[in-house]
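Encoded as structure tokens, the structure appears first; notes follow it.
In the working numbering, the protein residues as written are 97 to 212.
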């Protein structure tokens, strides 16, 4: 995945309304009206959020007669998780080194404490 695509994904995820929409879509396909129901905003405002999510590839919108279903497209989320995974490993390794260092300090402290 290119960094620009990651930037688009993270920008779409930056908004709490869009994250809530994605959480709702994780339960299954639904209409724009059903997605808009829990939010205190207009349908045009919800549509703008949906367009951002669609441009990021996080949702797909269909057309079935008068029904406009939206569904989650999780591919970009997996790409973001894969990118973040490298940093999780970095932090785990850093914490492991810190843990080793602290254990070594405790051993030295006990050793020096016994000599007193």
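Here a beta-carbon is modelled for each residue, glycine too, at the ideal position from N, C-alpha and C. All values reported here derive from a predicted model rather than from experimental measurement.
- Excluding its 5 nearest sequence neighbours in each direction, residue 106 has C-beta neighbours in its own chain below 7 Å: 176, listed in chain order.
- When the alpha-carbon of residue 154 is set against those of 172, 163 and 182, the nearest one is in 172.
- Following the DSSP letters along the chain, one finds residue 167 inside the beta strand (DSSP E) bounded by residues 165 to 168.
- Residue burial is scored here from C-beta neighbours: residue 151 has fewer than 16 other C-beta atoms within 10 angstroms and is therefore classed as exposed.
- Rounded to the nearest whole angstrom, the C-alpha separation of residue 181 and residue 102 is 14 Å.
- In the structure shown, residue 184 adopts helical secondary structure according to DSSP, grouped into three states.
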